[in-house]
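Worksheet for the structure shown next.
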Amino acid sequence: MSEIIDNVDLRILKLLQKNAKYSLNDMAKELKIPKSTLAYRIKRLENLGIIKGYYTQIDPTALNLDYVVISLIKAKYGKDYHIRLGSKLGELPGVWGVYFVLGEIDFIVMARYKNREEFMENFLEKLMSMPEIERSSTQVVVKIIKESPNLVIW
């Protein structure tokens, strides 16, 4: 993939990640490349699947979604258990991240809720009723130090 992406592409990605509504004219001026070249490169990055979409960043606290939990899940092993259980975990209301990991635990699940009651009803009770789960440990986030939806590009 590194042969496909050059420094100009990386600079384009950084700018789009910072502001997906950045005009082609302004980006072309900042990058010091023709607007047609910029448009071609963006389309190419989309076609390669490097740019997967454009999103609006929403402040979760503005929607009162500041009860953040991280659950560490130990699953019962079986054929394709990680695919089946991972999909079930991803469908739970409030879940925004499911990671299959190696080590003592099998999954890390990240979710947001309005309060403890919503967390209990929409997540914890459903988690406890899943027969594929051996055990879980849930951490409640007290303070978010850093959180960003952006990929770190050097």
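Using our numbering, the letters of the sequence shown map in sequence onto residues 6 to 159. Each residue gets a CB set at the ideal place from its N, CA and C atoms; glycine is no exception.
Hey, how far is the Cα of residue 93 from the Cα of residue 73?
Indexing the sequence shown from 1 puts residue 93 at position 88. Indexing the sequence shown from 1 puts residue 73 at position 68. Computed Cα separation, rounded: 19 angstroms.
When DSSP labels each residue in this structure, what does residue 115 get in the three-state scheme?
Residue 115 sits at position 110 when you count from the first residue of the sequence shown. DSSP places residue 115 in strand when its eight states are reduced to three.
Rounded to a whole number of angstroms, what is the C-alpha to C-alpha distance between residue 6 and residue 158?
By one-based count along the sequence shown, residue 6 stands at place 1. By one-based count along the sequence shown, residue 158 stands at place 153. The pLDDT assigned to residue 6 is 49, lower than 50, so where the model puts this residue is not dependable; a value taken from the coordinates is nonetheless given after this. Answer to the nearest angstrom: the Cα atoms are 14 angstroms apart.
Return yes when the Cβ of residue 127 is within less than 8 angstroms of the Cβ of residue 97, no when it is not.
Locating residue 97 in the sequence shown gives position 92, counting from the first residue. Locating residue 127 in the sequence shown gives position 122, counting from the first residue. In this structure, residue 127 lies closer than 8 angstroms to residue 97 by Cβ.
8 angstroms Cβ shell around residue 101 - same chain, five flanking residues per side excluded:
For the purposes of this step, residue 101 is taken as residue 96 along the sequence shown, with counting starting at 1. Taken in chain order, the residues that qualify are 115, 116 and 117.
Of all the options 59, 38, 53 and 9, which has the alpha carbon lying nearest to the alpha carbon of residue 23?
Here residue 23 refers to the residue found at position 18 when the sequence shown is read from its first residue. Among 59, 38, 53 and 9, the Cα nearest to that of residue 23 belongs to 59.
I'd like to confirm the pairing. Which residues does DSSP put opposite residue 76 in its beta bridges?
Within the sequence shown, residue 76 is the residue found at index 71, counting from 1. The partner list for residue 76 (beta bridge, DSSP) reads 114 and 143.
Express the C-alpha separation of residue 125 and residue 139 in angstroms, rounding to a whole number.
Mapped onto the sequence shown, residue 139 falls at position 134. Mapped onto the sequence shown, residue 125 falls at position 120. Approximately 18 angstroms between the Cα atoms of the pair.
Residue 79 and residue 134 - do their beta-carbons sit closer together than 8 angstroms?
Counting from 1 along the sequence shown, the entry for residue 134 is found at position 129. Counting from 1 along the sequence shown, the entry for residue 79 is found at position 74. Not in contact: residue 134 and residue 79 (Cβ atoms no closer than 8 angstroms).
Taking only the alpha-carbon atoms, compute the straight-line gap between residue 129 and residue 136 and give it to the nearest angstrom.
The residue labelled residue 129 in the question sits at position 124 within the sequence shown. The residue labelled residue 136 in the question sits at position 131 within the sequence shown. C-alpha separation (whole angstroms): 13 angstroms.
Which whole-angstrom value is the C-beta distance of residue 43 and residue 17, which I expect to be below 8 angstroms?
The residue you call residue 43 lines up with position 38 of the sequence shown. The residue you call residue 17 lines up with position 12 of the sequence shown. Sure, about 7 angstroms apart at Cβ, within 8 angstroms.
So which of 67, 123, 77 and 86 has the shortest CA-CA distance to residue 109?
Position 104 of the sequence shown, counted from the start, is the residue given in the question as residue 109. The shortest C-alpha separation from residue 109 is found at 77.
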